[in-house]
Amino acid sequence: MKNSEIRSLSESEISERIVAEQSNLTKLRFAHAISPIENPNKIRETKLLVARLKTTLSAKQLAK
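Under our numbering, the first residue of the sequence shown is numbered 11, with each subsequent residue one higher.
Shown next, in the form of C-alpha cells:
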C-alpha cells in the first residue's frame, strides 16, 4: 500500500487497517517460528506498513 493510498483513508479506516495488519504480522511471525516461510521479507514489509499507518494516523489526529 502506497503512502498516497494511506493518506486518502479516513482515521477509522486507518485504525481498522492497523488492527488487521498487526494480526497478520503475528500470524506471519508464528508461521515463521514453526517453519520458515517462503518469503521472510513479508514480515519486514508488514512491520513497515504498520509503522506508515500509525504515522499517518497520528499526523491526521494532530492536524485536527
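Positions of the beta carbon are idealized from the N, C-alpha and C atoms, including for glycine.
Quick one: complete alpha helix (DSSP H) runs, 4+ long, within the segment 11 to 55? 13 to 17 and 21 to 44
Let me see if you follow: with CB-CB separation under 9 angstroms, is residue 45 close to chain B or not? No chain B appears in this structure, which consists of one protein chain only.
### Message
Quick check on residue 74: does DSSP put it in helix, strand or coil?
### Response
coil
(message) Let me make sure I understand the geometry here. Which of 68, 24, 54 and 61 has the alpha-carbon closest to that of residue 38?
(response) 54
Given residue 50, which residues of its chain have a CB within under 7 angstroms of its CB, disregarding the five upstream and five downstream residues? 42
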